[in-house]
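Enquirer: Handing you this structure, nothing more for now.
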Amino acid sequence: MSHDILKEIRELTGAGILEIKNALAEVNNDKEKAIELLRKKGALKAGKKADRVAKEGIVESYIHPGSRVGVLVEVNCETDFVARTDDFKSLVKELALHIAAANPLYVNISDVPVEVVEKEKEIYKEQVKGKSADVVEKILEGKIAKYYEEACLMEQPFAKNGELKVKDVIAAAIAKMGENVQVKRFARFVLGN
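Each number in the numbering used here corresponds to the 1-based position in the sequence shown with 31 added.
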């Protein structure tokens, strides 16, 4: 097994080398299947840690060259020890950069006000007038899912690696750091807006 493949899988999943080797062995050295297996395991680990209180962390800023776009983001973890690690600081910097580039409106789907979702549904219903009710429902589901992917930070494809969503990057960080990690809030400033 080449070192490059191990490194690549580690970057995508945040899993340990032994865990990666075991996953590859389990799926007959199929890289894609190993990544999928490790992501599922990482999501399970993240799910178990999600209920733990995250009151420590850092606030990070990012000012885009030219000083026309700026971001403040608060990311929490469980201990100040983890908050001071290079891995945590690097994650928070990458999230600030992502927010500057991708312009999310909300952190999570649950943060989107009901009236915003209803307004989006009304717009989409107008676009599909004349189709049968079951077809309309399927189209609405797809369009709302796409809206969440564009508007919610956790659902967006990660700017640094479009194969992962931001929530996958957070799940990998949780698995790697062994603590609950949460994006608490962010603000994105654009000059003149």
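Think of the CB as a built atom: it goes at the ideal place given N, C-alpha and C, for glycine as much as any other residue. Here the structure is a predicted model, which is why all the values come from computation and not from measurement.
(1) Taking DSSP's pairing of strands, which residues face I94 in a bridge?
(2) Please determine, among N139, L171, S163 and P144, the residue with the shortest C-alpha to C-alpha distance to K152.
(3) Give me the DSSP bridge partner(s) of G88.
(4) State the CB to CB distance for the pair A54 and L69, rounded to an integer number of angstroms; the pair is presumed to be in contact (CB under 8 Å).
(5) Near V221, which residues of its chain fall below 6 Å by C-beta distance, leaving aside the five closest residues on each side in sequence?
(6) Using DSSP bridges, identify the partner residues of P188.
(7) How would you call I51, buried or exposed, if buried means at least 16 neighbouring beta carbons within 10 angstroms?
(8) With K162 as the anchor, note down where its alpha helix (DSSP H) starts and where it stops.
(9) Thinking C-beta only, is K196 closer than 8 Å to E186?
Expert: Inspection of the coordinates gives the following:
(1) Position 63 of the sequence shown, counted from the first residue, corresponds to residue 94. Answer is G101, bridged to I94.
(2) Taking the first residue of the sequence shown as position 1, residue 152 is located at position 121. Looking at N139, L171, S163 and P144, the one whose alpha-carbon comes closest to that of K152 is L171.
(3) Taking the first residue of the sequence shown as position 1, residue 88 is located at position 57. In the DSSP output, where bridge partners are listed per residue, G88 has N107.
(4) Within the sequence shown, the letter at position 23 stands for residue 54. Within the sequence shown, the letter at position 38 stands for residue 69. L69 and A54 do touch by the CB rule: their CB atoms are close to 5 Å apart, below 8 Å.
(5) The count along the sequence shown starts at 1 and reaches residue 221 at position 190. Correct list, in chain order: V100.
(6) Against the sequence shown, residue 188 aligns to sequence position 157. Paired residues: K196.
(7) Numbered from its first residue, the sequence shown carries residue 51 at position 20. That one is buried.
(8) Position 131 of the sequence shown, counted from the start, is the residue given in the question as residue 162. Counting along the chain, K162 falls outside any alpha helix (DSSP H), and DSSP gives it neither H nor E.
(9) As a working note, residue 186 is residue 155 in the sequence shown. As a working note, residue 196 is residue 165 in the sequence shown. Cβ atoms of E186 and K196: closer than 8 Å.
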